[in-house]
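Asker:
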Amino acid sequence: MAETRKCQLLVIGAGPGGYVTGIRAGQLGLDTIVVEGDRAGGTCLIRGCIPSKAIIHAADRFEALRQHSTEGGHMGLSIDGGPEVDMSALVSWKDTIVDKLNKGVEGLLKAAGVELLNGWATFSGPKHCTVETSEGPVGIEAENVVIATGSSHIDLPFMPCDEEFVLSSTGALDLSRLPKKAAIVGGGYIGLELGCALTKLGTEVTVVEGLDSILAIFDKELRRPLEIWLKRHGVTVHTNALARGIEIKGKGASRKVELMFEKEGEEESIKVDNVLVTVGRRPNTKGWGLENMGVRMDASGRFIRIDSQCQTNVPGVFAIGDVSGEPMLAHRASAQGEMVAEIIAGHPREFDKVAIPAIVFTEPEIVSVGLTPSEAEERGEKIVVGKFPLVASGRALTLEADRTGGFVRVTARESDHVILGVQAVGSHVAELHGEFVLALEMGALLEDVAGTVHAHPTITEAFHESVLKTLGHAIHTT
Amino acid sequence: MAKYVFKLPDIGEGVVEGEVVQWHVGIGDTVIEDAPIVVLMTDKATVTIPSPTSGVVSSVSGEVGDMIAVGSMLVEFDAEGVSKTVADIEPVPESGAAHEPESAPTPAAKPTPAPTSIPAPTPKPAPPPAAPPITTAAKRTDGRVLASPAVRKRALEAGVELGVVSGSGPAGRIRHADLDAFIAAGGDVLGAAPAAFSTSRTGVTEVKVVGLRRKIAEQMVKSKSSIPHFSFFEEVDVTELEELRQTLNSNRQDGQPKLTFLPFIMLALAKIMPEHPECNAHFHDGEGVVHRHAAVHIGIATQTERGLYVPVVKHVEAMDSWQAASELLRASQAARDGSASLDDLTGSTFTITSLGREGGLGATPIINHPEVAILGVHKAREMPVVRGGHIVVRRIMNLSSSFDHRVVDGADGARLVQHLKRMLEHPAMIFM
Chain S
28 MAETRKCQLL VIGAGPGGYV TGIRAGQLGL DTIVVEGDRA GGTCLIRGCI PSKAIIHAAD
88 RFEALRQHST EGGHMGLSID GGPEVDMSAL VSWKDTIVDK LNKGVEGLLK AAGVELLNGW
148 ATFSGPKHCT VETSEGPVGI EAENVVIATG SSHIDLPFMP CDEEFVLSST GALDLSRLPK
208 KAAIVGGGYI GLELGCALTK LGTEVTVVEG LDSILAIFDK ELRRPLEIWL KRHGVTVHTN
268 ALARGIEIKG KGASRKVELM FEKEGEEESI KVDNVLVTVG RRPNTKGWGL ENMGVRMDAS
328 GRFIRIDSQC QTNVPGVFAI GDVSGEPMLA HRASAQGEMV AEIIAGHPRE FDKVAIPAIV
388 FTEPEIVSVG LTPSEAEERG EKIVVGKFPL VASGRALTLE ADRTGGFVRV TARESDHVIL
448 GVQAVGSHVA ELHGEFVLAL EMGALLEDVA GTVHAHPTIT EAFHESVLKT LGHAIHTT
Chain E
434 MAKYVFKLPD IGEGVVEGEV VQWHVGIGDT VIEDAPIVVL MTDKATVTIP SPTSGVVSSV
494 SGEVGDMIAV GSMLVEFDAE GVSKTVADIE PVPESGAAHE PESAPTPAAK PTPAPTSIPA
554 PTPKPAPPPA APPITTAAKR TDGRVLASPA VRKRALEAGV ELGVVSGSGP AGRIRHADLD
614 AFIAAGGDVL GAAPAAFSTS RTGVTEVKVV GLRRKIAEQM VKSKSSIPHF SFFEEVDVTE
674 LEELRQTLNS NRQDGQPKLT FLPFIMLALA KIMPEHPECN AHFHDGEGVV HRHAAVHIGI
734 ATQTERGLYV PVVKHVEAMD SWQAASELLR ASQAARDGSA SLDDLTGSTF TITSLGREGG
794 LGATPIINHP EVAILGVHKA REMPVVRGGH IVVRRIMNLS SSFDHRVVDG ADGARLVQHL
854 KRMLEHPAMI FM
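Sequences listed follow chains S and E, in order. FYI, the numbering for the first sequence is 28 to 505, going by our numbering. FYI, the numbering for the second sequence is 434 to 865, going by our numbering.
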């Protein structure tokens with residue numbers, strides 16, 4: 028057995044939870060080691076949020092170019108010939124962004140005086156693990172451990188991903204050829220974000236969803252503009268449809284994959300170039316010795332049980348991010364990581380956030396912060412709701428953001444006007460969420476937003492107007 | 434479309450039936466796998482049963498208040514998918530903070546008009562906000578007070594519970610100035626305004642005895658009618674223990690909870706139990722056998738907003754005082770906030786009931802069936818005591834106890850309490 032190292036803090040996983048924990052711990056002077064089995068950055072940076080946003084942006088550009096190559100030129104702008112997609116070049120461009128961010132994370136950890144150890148950690152006790160590095164095994168004994176192992180794509184056992192015909196989200200972000208036709212099994216946010224991007228790039232997309240609607244986590248009003256966009260862009264959506272299996276057909280370059288699914292008791296099938304499976308994500312709780320740590324799972328048995336300080340039942344062992352429960356979002360993991368580093372450094376902290384924002388980068392984009400009107404009513408709140416459509420926003424018209432039927436909707440308590448939640452749908456609305464979530468954390472009242480001057484012409488005016496509407500004096504809508 | 438009958442799975446050791454507290458689904462509802470379908474109250478805990486499959490509910494068994502036996506039909510689905518086997522399903526204890534966007538039932542929402550037209554209906558303008566009451570801060574929907582993150586952080590660092598600070602901001606929001614004033618005033622809490630008593634009162638409120646209340650009622654009747662209780666009282670001089678406690682508390686490290694008397698009593702009990710095995714036992718009526726336990730799992734009777742719970746601190750015999758204090762705090766907090774698991778609420782071999790500040794002089798605690806003994810702890814207070822012919826001031830705590838006279842004789846019960854008294858009066862013995 029090789030050396031055994033000792034440290035104050037051992038972080039397992041260098042995703043958005045783990046690397047943030049590491050940097051903050053380094054700033055606070057804790058002797059910290061971060062162990063990562065793949066590349067620093069985690070799912071978010073390497074094969075999730077960031078690469079998908081790069082491809083979505085490229086798809087937007089492509090769609091815009093196409094608008095100017097037909098119909099004699101949209102807006103009076105025209106280009107000669109149609110634009111072409113070189114998928115492998117697009118993926119390389121995306122990879123340059125990922126590489127830059129990966130190097131950035133490594134640099135930040137180093138600057139904070141934190142050691143990044145590459146290798147697979149296996150725990151033999153709550154605070155003892157062995158890391159298989161390229162230079163042999165390294166034992167680590169830590170005073171405190173932060174588990175930030177994240178989550179993985181869920182495979183369907185009867186059609187496992189081969190990343191050639193049947194793709195996970197990871198494979199879909201590394202395509203070498205743009206599929207002419209693609210089927211997406213699972214109409215959640217991951218599938219639909221990629222589905223919208225592929226559609227814009229010219230792929231004929233079919234979505235197969237088991238529930239009675241796509242994006243079932245959102246209410247009908249929020250989903251509606253997306254459903255209309257999909258319909259208008261020729262995306263076929265099968266709801267209440269369950270995938271049954273696949274078969275590879277044909278030979279050589281003309282090989283296709285046939286997806287069988289059951290809808291309303293009928294067997295149906297479609298032939299496509301790729302099937303993308305996006306049926307959810309599963310916390311990474313196996314394969315690294317969690318069972319040797321004595322850490323308790325939550326009541327569902329899926330996640331590690333944590334308290335409001337992200338502590339597990341084992342003193343000095345913390346869990347953050349996707350492995351510690353819903354919502355499985357990068358920014359929750361980062362916020363937990365920052366807090367845990369401070370707790371370990373001796374500061375009193377607790378995770379007392381009013382809201383964790385959720386954003387879906389489909390076309391149009393969907394943002395939800397805090398409670399929806401129906402959630403507020405379920406909690407017994409008497410509410411007032413204000414909605415402002417983007418068709419009434421001058422800035423939205425100049426950006427053609429009105430075309431996707433978006434709106435901003437605010438929900439507040441009727442008695443004292445405390446804002447309880449804000450949702451928005453529309454092109455370019457993702458960046459509005461910062462103001463929404465700040466309003467919630469600050470305990471803002473409708474009057475606080477109404478009394479704040481919003482610059483003209485911007486889409487942020489829509490939030491101001493939705494608030495004015497709840498107060499009965501909206502200016503630009505009736 | 435296949436019918437799929439979902440039977441009530443085995444939801445915990447020794448649980449044979451559950452009372453329906455709340456249905457999350459009705460006939461005709463579409464349910465997705467893992468979405469909550471029903472909340473059941475068992476002898477031990479409230480559990481939410483998740484759906485084993487996705488499908489449409491075609492039939493449900495039982496109304497709210499009905500008992501459902503393990504293994505009998507709970508819900509019938511027109512299942513869409515390959516269903517999991519029953520064995521895969523684990524019960525989910527009720528938690529107020531459950532946050533499961535993926536499995537939440539689709540909220541009903543009104544259809545939206547076509548997105549190209551401006552929606553016509555104008556919502557009723559909200560009336561002006563009510564004047565904030567000056568003594569209470571406004572609440573967030575999760576029950577916390579309204580304050581900015583910076584104020585919350587400062588309060589946490591200053592050790593101020595924001596719930597008792599009055600907010601002068603709009604809607605009672607707590608501002609930095611409010612916190613400054615609170616700290617400057619030495620943390621005084623504003624008293625509630627006296628209620629008016631000038632009118633005679635006539636109303637009668639009906640309160641249904643269901644759910645946990647009914648369980649408590651049944652459990653009490655079972656204990657009191659099947660167990661011949663005898664009770665025994667003693668007073669303990671805890672002056673030395675109090676000194677030890679204060680010393681330990683003043684030297685405690687960050688993150689360690691403040692020690693109360695309870696962890697010491699728990700440790701003392703765990704230490705002496707091997708000499709009183711008849712008191713750390715289970716006696717199931719009708720079996721004719723007493724199970725004496727080597728492990729000391731102490732149940733702590735805990736009053737919660739939902740009623741009486743008994744979270745359990747397991748293996749006290751293997752703990753030090755800080756561990757006992759931490760686990761006591763965790764288990765009772767879990768019981769209070771509803772996050773306690775079935776494991777947290779079962780398995781006790783001996784129970785302590787402590788009313789803290791409401792402690793009083795004595796009580797006749799009811800034994801937590803099938804245990805055979807229970808200890809009541811009362812408030813310690815300074816008393817004049819005669820020592821060597823002089824009156825001295827000592828800190829005295831009363832202990833009450835009840836024992837199952839079928840299997841514990843009076844002398845045995847008294848022996849346990851006297852032994853405990855010796856340990857507590859000479860606390861060094863607890864640690865020797």
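A virtual CB, placed ideally from N, CA and C, is assigned to each residue, including glycine.
In its own chain, which residues sit with a C-beta less than 6 Å from the C-beta of S/Leu37, not counting the 5 before and 5 after it?
Answerer: For the purposes of this step, residue 37 of chain S is identified with residue 10 of the first sequence, where counting begins at 1. Same-chain partners within the cutoff: Ile60, Ile167, Ala169 and Val172.
Asker: At 8 Å on the CB atoms, spell out the chain E contacts of S/Asp201, in chain order.
Answerer: Indexing the first sequence from 1 puts residue 201 of chain S at position 174. In chain order: nothing, as chain E lies at least about 26 Å away.
Asker: Closest to S/Ser196 by CA distance: which of S/Glu220, S/Gly152 and S/Gly314 is it?
Answerer: Translated into positions along the first sequence, residue 196 of chain S becomes position 169. Measuring from the Cα of S/Ser196, the nearest candidate turns out to be S/Glu220.
Asker: With distances taken from CA atoms, which of S/Val480, S/Arg440 and S/Phe434 is nearest S/Glu248?
Answerer: Residue 248 of chain S sits at position 221 when you count from the first residue of the first sequence. The candidate whose alpha carbon is nearest that of S/Glu248 is S/Phe434.
Asker: Taking Cβ positions only, does S/Glu468 come closer than 7 Å to chain E?
Answerer: Along the first sequence, one-based indexing puts residue 468 of chain S at 441. Interface residue, yes.
Asker: Our contact map puts S/Leu143 next to S/Leu136 with C-beta atoms below 8 Å; I'd like the distance itself, whole angstroms only.
Answerer: In the first sequence, counting from the first residue as 1, residue 143 of chain S sits at position 116. In the first sequence, counting from the first residue as 1, residue 136 of chain S sits at position 109. Between S/Leu136 and S/Leu143 the Cβ distance is about 5 Å, and since that is below 8 Å, they are a contact.
Asker: DSSP beta-bridge partners for E/His609?
Answerer: Position 176 of the second sequence holds residue 609 of chain E. Per DSSP, none; premise fails for E/His609.
Asker: Is E/Glu450 close to chain S, meaning its C-beta is less than 7 Å from at least one C-beta of that chain?
Answerer: Walking along the second sequence from the start, residue 450 of chain E turns up at place 17. With 7 Å as the cut-off, E/Glu450 does not count as an interface residue toward chain S.
Asker: Starting from S/Gln450, follow the beta strand (DSSP E) in both directions and report where the run begins and ends.
Answerer: Your numbering for residue 450 of chain S matches position 423 in the first sequence. Here the beta strand (DSSP E) through S/Gln450 covers Ile446 to Gly453.
Asker: Counting only runs that start and end within the stretch 444-499 of chain E, where is the beta strand (DSSP E) found for 3 or more residues in a row?
Answerer: Counting whole runs of 3 or more residues, the stretch 444-499 of chain E contains the beta strand (DSSP E) stretches 450-456, 469-474, 479-483 and 488-493.
Asker: Could you give the residue range of the beta strand (DSSP E) that holds E/Asp670?
Answerer: Residue numbering aside, residue 670 of chain E sits at position 237 when the second sequence is read from its first letter. His662 to Asp670 is the extent of the beta strand (DSSP E) around E/Asp670.
Asker: How far does the alpha helix (DSSP H) with S/Gln338 in it extend, from its first residue to its last?
Answerer: Looking up residue 338 of chain S in the first sequence gives position 311. It is not in any alpha helix (DSSP H) - S/Gln338 carries neither H nor E in the DSSP assignment.
Asker: Below 8 Å CB to CB, which residues in the same chain sit around E/His859 once its five sequence neighbours on both sides are set aside?
Answerer: Looking up residue 859 of chain E in the second sequence gives position 426. Excluding positions up to five away in sequence, the list reads Glu673.
Asker: With three or more C-beta pairs closer than 8 Å as the rule, is the stretch 71-79 of chain S touching the stretch 147-167 of chain S?
Answerer: No: the two stretches stay apart, fewer than three of their Cβ pairs being nearer than 8 Å.
Asker: Determine the extent of the beta strand (DSSP E) in which S/Glu63 is found, giving its start and end residues.
Answerer: In the first sequence, residue 63 of chain S corresponds to position 36, counting from 1. S/Glu63 -> beta strand (DSSP E) spans Thr59 to Glu63.
Asker: How long is the line joining the alpha carbons of E/Asn682 and E/Leu692, rounded to whole angstroms?
Answerer: Taking the second sequence and counting its residues from 1, one reaches residue 682 of chain E at position 249. Taking the second sequence and counting its residues from 1, one reaches residue 692 of chain E at position 259. Computed Cα separation, rounded: 6 Å.
Asker: Less than 7 Å between CB atoms is the rule here; does E/Phe439 satisfy it with respect to chain S?
Answerer: Start at 1 with the first residue of the second sequence, and residue 439 of chain E comes out as number 6. Not closer than 7 Å to any Cβ of chain S, the Cβ of E/Phe439 fails to qualify, so no.
Asker: May I have the straight-line CA-CA distance separating E/Asp670 from E/Val805, to the nearest angstrom?
Answerer: As a working note, residue 670 of chain E is residue 237 in the second sequence. As a working note, residue 805 of chain E is residue 372 in the second sequence. If you take the alpha carbons of E/Asp670 and E/Val805, they lie about 26 Å apart.
Asker: By the 7 Å beta-carbon criterion, what residues does the stretch 314-330 of chain S contribute toward chain E?
Answerer: So the list reads Ala326, Ser327 and Gly328, given in the order they occur along the chain.
Asker: Can you tell me whether E/Gln686 is helix, strand or coil according to DSSP?
Answerer: Residue numbering aside, residue 686 of chain E sits at position 253 when the second sequence is read from its first letter. Reduced to three states, the DSSP call for E/Gln686 is coil.
Asker: If we ignore side chains and look at the alpha-carbon of each, how far apart do E/Thr797 and E/Ser834 end up?
Answerer: Position 364 of the second sequence, counted from the start, is the residue given in the question as residue 797 of chain E. Position 401 of the second sequence, counted from the start, is the residue given in the question as residue 834 of chain E. Between E/Thr797 and E/Ser834, the C-alpha separation is close to 7 Å.
Asker: Establish whether the CB of E/Ser754 and some CB of chain S are separated by less than 7 Å.
Answerer: As a working mapping, residue 754 of chain E is identified with position 321 in the second sequence. Answer no: the Cβ-Cβ gap between E/Ser754 and chain S never drops below 7 Å.
Asker: So the beta strand (DSSP E) S/Ala81 belongs to, where does it begin and stop?
Answerer: Within the first sequence, numbered from 1, the residue matching residue 81 of chain S stands at position 54. Premise fails: S/Ala81 lies in the alpha helix (DSSP H), Cys76 to Ser96, not in any beta strand (DSSP E).
Asker: In chain S, which residues lie with their C-beta within 8 Å of the C-beta of E/Arg585?
Answerer: Working through the second sequence from its first residue, we reach residue 585 of chain E at position 152. Ordered by position in chain S, the residues that pass the 8 Å Cβ test against E/Arg585 are Asp379.
Asker: Quick check: S/Pro473 and S/Val456, are their CB atoms within less than 7 Å of each other?
Answerer: For the purposes of this step, residue 473 of chain S is taken as the residue at position 446 of the first sequence. For the purposes of this step, residue 456 of chain S is taken as the residue at position 429 of the first sequence. In the sequence under discussion, the amino acid at residue 473 of chain S is Leu, which differs from the Pro named in the question. It is not a contact, given that the beta carbons lie outside the stated cut-off.
Asker: According to DSSP, what are the bridge partners of S/His155?
Answerer: Counting from 1 along the first sequence, the entry for residue 155 of chain S is found at position 128. DSSP lists S/Gly152 and S/Glu168 as partners of S/His155.
Asker: Distance check for E/Val503 and E/Asp443, CA to CA, integer angstroms please.
Answerer: Position 10 of the second sequence, counted from the start, is the residue given in the question as residue 443 of chain E. Position 70 of the second sequence, counted from the start, is the residue given in the question as residue 503 of chain E. The alpha-carbon atoms of E/Asp443 and E/Val503 are separated by roughly 6 Å.
Asker: Measuring CA to CA, which of S/Ser178, S/Cys71 and S/Thr485 is closest to S/Thr425?
Answerer: The count along the first sequence starts at 1 and reaches residue 425 of chain S at position 398. Of S/Ser178, S/Cys71 and S/Thr485, the residue nearest in Cα terms is S/Thr485.
Asker: Is the number of C-beta pairs between the stretch 469-486 of chain E and the stretch 451-461 of chain E that are closer than 8 Å three or more?
Answerer: The stretch 469-486 of chain E vs the stretch 451-461 of chain E: in contact.
Asker: Beta-carbon of E/Asp687 versus every beta-carbon of chain S: anything under 7 Å?
Answerer: In the second sequence, counting from the first residue as 1, residue 687 of chain E sits at position 254. Output row for E/Asp687: interface = yes.
Asker: Could you work out which residues of chain E lie near S/Arg376, taking near to mean beta carbons separated by less than 8 Å?
Answerer: Reading the first sequence from its first residue, position 349 is the one you call residue 376 of chain S. Chain E residues near S/Arg376: Lys586 and Leu589.
Asker: Counting only beta-carbon separations shorter than 7 Å, does S/Val172 have a partner in chain E?
Answerer: In the first sequence, counting from the first residue as 1, residue 172 of chain S sits at position 145. Output row for S/Val172: interface = no.
Asker: Out of S/Pro310, S/Glu427, S/Glu285 and S/Arg436, which has the shortest C-alpha to C-alpha gap to S/Lys414?
Answerer: Within the first sequence, residue 414 of chain S is the residue found at index 387, counting from 1. Comparing Cα-Cα distances from S/Lys414 to each of S/Pro310, S/Glu427, S/Glu285 and S/Arg436, the minimum goes to S/Arg436.
Asker: Determine the contact status of E/Ile863 and E/Ala701, defining contact as a CB-CB distance below 7 Å.
Answerer: Walking along the second sequence from the start, residue 863 of chain E turns up at place 430. Walking along the second sequence from the start, residue 701 of chain E turns up at place 268. Going by C-beta atoms, E/Ile863 is nearer than 7 Å to E/Ala701.
Asker: Taking 6 Å as the cut-off, does the CB of E/Glu651 come closer than this to any heavy atom belonging to the ligand HEM?
Answerer: This structure lacks the ligand HEM, and indeed carries no ligand of any kind.
Asker: Which ranges does the alpha helix (DSSP H) cover as unbroken runs of at least 4 residues, wholly within the stretch 696-744 of chain E, from first to last along the chain?
Answerer: Correct list: empty.
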